[in-house]
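Engineer: Below you'll find the structure I mean.
Numbering (the UniProt record's numbering), first residue to last: 1 to 117.
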């Protein structure tokens with residue numbers, strides 16, 4: 001037997017390495033079987049629990065909402081944090097649905113619209 005490569009697979013019996021040539025094929029076939037099993041489980045789960053998607057609904061980032069409302073990014077972020085603007089935290093960012101943006105825009109406090117006596 002020649003030199004042993006770093007990717008050779010086998011067993012050591014009585015201090016002697018015995019290479020198993022069919023191991024890569026076994027690993028490949030098991031890997032494909034496992035992957036196909038995972039795919040089947042995902043497809044089964046999705047068929048029983050369809051994703052809730054609203055077609056055509058836009059999502060905005062804080063910077064976009066800040067621009068549209070002419071408010072600072074810090075203000076919009078603060079409103080997301082305190083729940084004044086309903087938003088979802090995705091990583092370090094906030095994601096605001098169009099519906100939540102419109103609700104926020106229609107209910108936002110504007111000192112210029114305050115009726116004074």
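Glycine included, every Cβ here is placed at the ideal spot set by N, Cα and C.
All figures in this text were calculated on a predicted structure; none of them were measured in a lab.
Just to confirm, are residue 63 and residue 98 a CB contact at a threshold of 7 angstroms?
Structural biologist: Not closer than 7 angstroms, so no.
Engineer: Buried or exposed for residue 79, going by 16 or more other Cβ atoms inside 10 Å?
Structural biologist: Label assigned to residue 79: buried.
Engineer: Can you tell me whether residue 22 is buried or exposed? The criterion is at least 16 other CB atoms within 10 Å of its CB, across all chains shown.
Structural biologist: Exposed.
Engineer: Would you decide whether residue 114 is buried or exposed? Buried here means 16 or more other CB atoms lie within 10 Å of its CB.
Structural biologist: Here the model assigns residue 114 a pLDDT of 48, short of 50, so the residue's position is not dependable, and the following value carries that caveat. With fewer than 16 Cβ atoms within 10 Å of its Cβ, residue 114 is classed as exposed.
Engineer: Quick check on the burial criterion: 16 or more other C-beta atoms within 10 angstroms. Buried or exposed for residue 30?
Structural biologist: exposed
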